[in-house]
C-alpha cells in the first residue's frame, strides 16, 4: 500500500544535480515523477526532461497533478506558480524543499490541497523539519475547512475564510452539531475557543462565528455580516419503493422534492435502501451509480420486523411486507453499519422505539404519468463515510523517535486515528497532527484496543495501532489479526499494513554490544496469557540448547518469583559466570544498563521495563562490551 496515494499524481521539480540527488529517492517512495531540465542526465524511468522553460512546462502539467514538490528558492517558486493559482479549493498542494533537505515548507493549499499533511509526511522521510505557517496548526486545531473529511462529511455553504479567521484569532466560535461523529470534539486541546450549543451572547465574550454540523439545510441570510458555515454529515437513509420501470429522473426529482419540503440537505444523504426484489430496478441502480450512493436491499422477512407508522395491506399482498420505503429507511439507518460485519441483526436487540424515532419523513408518494415513487427518510446515529478503512500495525521501536522507521512515522502521521497504550502515545506525540483521533487504553486492555481499531477501520477510518518494539513480536499485530479472523474478515477490507520496528531484544543488544551474534530466542515470563508450566518448559529447553536468551516481562509488582525460577533453571545448565545484561528503557531518557552475570543478576533492580539478556556458553565481556562469537575464527580456509 502507498501511504501517499491520497496526494497522487505528484510532480517533483529539480533544476540542479544537488536537488536531483535529493528528490530522486524521495520520488521513488512517493511514486512521483521527477522533472529535470535537458542539461541534466536522466537517472531512470521515473525522471523526465522538460524541454521548454520551467514556467511553460508547469502550465502543461499543472492540471494533471494534485501536488508539486519543488527543490528551488521559495521566491522563484512563488513567481512560477502565481499565474496558475485559481482557488484554494482546487489548487494543488505546493511543497518547497531547501537544497540540503533540512526544511520542508508547506507553501500553498495547505488545508484543502493537503500541503500541510504532505509537508509533514515528506519531513518524516527526509528527517527534516516541516514548516507549516497556518494558524490552526500552530493552535493544534483541525482546520475548519477540512474538519469533516475523515468522516465523509460534505462541505456546505458559508463564509469559510472569515470563520477560519475567527478561529485563528482565538475568538469564541459557536458549534451547533446536530448530527455526525463527535470524536473530533473529544480530541480538541484544552484551551480551544469553540462553544458547543446555544449560549446567550455575553458582552465580554460575544460569538464571533458559527459552525453548523447538521443534515438540515440552513438558509444563510444574504448580506449578513455574521460569518457562518455548514458541514453535512451523511446520516440520511432514503427508503425507496416504486412501480417497476420508474425512471431515474422521477426517482431523483422525487427525492429532491421531499428533501426540499422537509428542509433536509441532499448532501447529507448516506445511501438508498429498498426491498431486495428492487435490486435490479434500473432507475434506482442508475441513480445510485450517478450519485455514488450505496444501495442496500433487504428481504421482505427483514422489513416485516420493522414497525412503521403507515403499513399497507396492498403492499404486503404484492411484495410480502406491509412497508418498503419506511421500513427500508429505518432498517438502513439503524443497521447499515454493525461492528463485526453483521448487518442482519435481529431487531429485538434494539428498543423498537429507537427505530421508530429514527424516521424523519414518513412515506411520500410522487407520481408522474404511469410512474410512481414512494420516498421515506430516516436518520442514522452514525454517518456513512464512503471510504474503505485501513489498519496500520505500527512498531515504534524502543521509544526514541530516531529509532522509528520513516515508513512508520509516515503511517502514524497519516492515520485518521491512533490507538495505543498511554506511554507509547506520549512518546510519539511529536509525530501527531491536529485533528487526529487519539485513544488510549491501558495495559490489560489490549483486546479492547484491537476491537476498537477494527471498529473504526470498518467504519472507514485509517487507524494506526501502536506497539513498542516490533508490533509483530509480543505486540498488537497478532491480536488484531486474530480479532479480524473471529469476525470472518475477508482479508481485504479493512486493509492491513504492518510496519516493523526495532524490538526490545534488538535495542537492548545494540546498547551492550553483540550478544545476539549466534542462535538466540525470546521468552516472556508473563503468565497472564501463557501457563507458567509451559513457560518453564521453554526456559528449560533454551537453557539446555545453549541459546542466548532474551527474557521479556521479567518481573511486575504482583509477579515476583518467575525471574527467580528462571535464574534457577539456567543455573542448572549454565556457568554461574555466564554474562548477563540488564537493559531498562533502551534509548529513552531514563535508560539504565547493568552488566552482570547469571549468579548475581538478581542483586540488581529488574522490572517490567527491563530486558534480560542471558549469554550462551561462549559469550564473554570485553571492555564493558557483551560479545557472542559467531564462530568465524574457527572456519577452515
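Residue numbers (the working numbering): 30 to 666.
Idealized CB from N, CA, C, for every residue including glycine.
Looking at C-alpha atoms only, which residue of the options is the closest neighbour of residue i?
i: residue 166; options: 183, 641 and 143; result: 143
i: residue 363; options: 384, 351 and 350; result: 384
i: residue 455; options: 221, 430 and 473; result: 430
i: residue 661; options: 588, 639 and 547; result: 547
i: residue 1; options: 417, 346 and 335; result: Summary: the structure shown does not reach residue 1, with the chain confined to residues 30 through 666, and so no result is reported for it.
i: residue 479; options: 525, 311, 277 and 541; result: 525
i: residue 445; options: 638, 64, 213 and 78; result: 213
i: residue 188; options: 259, 349 and 570; result: 259
i: residue 275; options: 200, 401 and 225; result: 401
i: residue 645; options: 636, 38 and 655; result: 655
i: residue 419; options: 350, 489 and 453; result: 489
i: residue 223; options: 428, 59 and 203; result: 203
On the three-state DSSP scale, how would you describe residue i?
i: residue 569; result: helix
i: residue 628; result: coil
i: residue 602; result: coil
i: residue 265; result: strand
i: residue 421; result: strand
i: residue 379; result: In this predicted model, residue 379 has a pLDDT of only 48, less than 50, meaning its place in the structure is not dependable; the value taken from the coordinates is given anyway. Coil at residue 379, not helix or strand.
i: residue 187; result: strand
i: residue 94; result: coil
i: residue 31; result: coil
i: residue 451; result: helix
i: residue 444; result: coil
i: residue 353; result: coil
i: residue 159; result: strand
i: residue 281; result: helix
i: residue 459; result: helix
i: residue 86; result: helix
i: residue 218; result: coil
i: residue 56; result: helix
i: residue 369; result: Reliability fails at residue 369, whose pLDDT of 41 lies under 50, so the model's placement of it is uncertain and no value is given.
i: residue 469; result: strand
i: residue 652; result: coil
i: residue 38; result: coil
i: residue 321; result: coil
i: residue 563; result: helix
Round the Cβ separation of residue i and residue j to the nearest angstrom and send it over; I've been treating them as touching at under 8 Å.
i: residue 183; j: residue 291; result: No, residue 183 and residue 291 are not in contact; Cβ-Cβ is about 18 Å, not under 8 Å.
i: residue 599; j: residue 572; result: 5 Å
i: residue 408; j: residue 244; result: 6 Å
i: residue 52; j: residue 40; result: Between residue 40 and residue 52 the Cβ distance is about 11 Å, and since that is not below 8 Å, they are no contact.
i: residue 440; j: residue 486; result: So it is not a contact: roughly 13 Å between Cβ atoms.
i: residue 605; j: residue 153; result: Between residue 153 and residue 605 the Cβ distance is about 47 Å, and since that is not below 8 Å, they are no contact.
i: residue 554; j: residue 595; result: 6 Å
i: residue 322; j: residue 298; result: 7 Å
Taking the C-alpha atoms as reference points, what is the distance between residue i and residue j?
i: residue 105; j: residue 83; result: 11 Å
i: residue 61; j: residue 75; result: 8 Å
i: residue 45; j: residue 145; result: 25 Å
i: residue 631; j: residue 614; result: 18 Å
i: residue 426; j: residue 460; result: 14 Å
i: residue 642; j: residue 612; result: 8 Å
i: residue 33; j: residue 586; result: 44 Å
i: residue 481; j: residue 218; result: 22 Å
i: residue 496; j: residue 423; result: 6 Å
i: residue 346; j: residue 471; result: 56 Å
i: residue 597; j: residue 591; result: 10 Å
i: residue 625; j: residue 528; result: 34 Å
i: residue 115; j: residue 399; result: 48 Å
i: residue 552; j: residue 31; result: 35 Å
i: residue 609; j: residue 215; result: 46 Å
i: residue 318; j: residue 78; result: 40 Å
i: residue 150; j: residue 514; result: 32 Å
i: residue 372; j: residue 564; result: With a pLDDT of 43 at residue 372, under the threshold of 50, the predicted position of this residue should be treated as unreliable, though the coordinate-derived value follows. One C-alpha to the other measures close to 42 Å.
i: residue 103; j: residue 117; result: 19 Å
i: residue 638; j: residue 491; result: 30 Å
i: residue 414; j: residue 180; result: 5 Å
i: residue 370; j: residue 340; result: With a pLDDT of only 40 at residue 370, under 50, the local geometry of the prediction cannot be trusted, and the value read off the model is given with reservation. Straight-line Cα distance between these residues: approximately 29 Å.
i: residue 368; j: residue 91; result: Reliability of the predicted coordinates at residue 368 is poor, the pLDDT of 45 falling under 50, and the value obtained from them is presented with this limitation in mind. Cα to Cα, residue 368 sits roughly 42 Å from residue 91.
i: residue 588; j: residue 517; result: 36 Å
i: residue 251; j: residue 330; result: 50 Å
i: residue 288; j: residue 337; result: 20 Å
Next on the checklist: Quick test of the definition: if touching needs 3 or more C-beta pairs under 8 Å, does the region 339 to 359 touch the region 265 to 274?
Outcome noted: yes
Checklist entry - Pairing CB atoms from the region 446 to 464 with CB atoms from the region 507 to 526, are three or more of them under 8 Å? => result no
Next on the checklist: Would the region 522 to 535 count as touching the region 485 to 503 if we require 3 or more Cβ pairs under 8 Å?
Outcome noted: yes
Checklist entry - So does the region 162 to 177 actually touch the region 121 to 129, counting three or more Cβ pairs closer than 8 Å? => result no
Checklist entry - Three or more beta-carbon pairs under 8 Å between the region 129 to 139 and the region 147 to 159, yes or no? => result yes
Next on the checklist: Tell me whether the region 392 to 404 and the region 281 to 296 touch, counting them as touching only if at least three CB pairs, one residue from each stretch, are closer than 8 Å.
Outcome noted: yes
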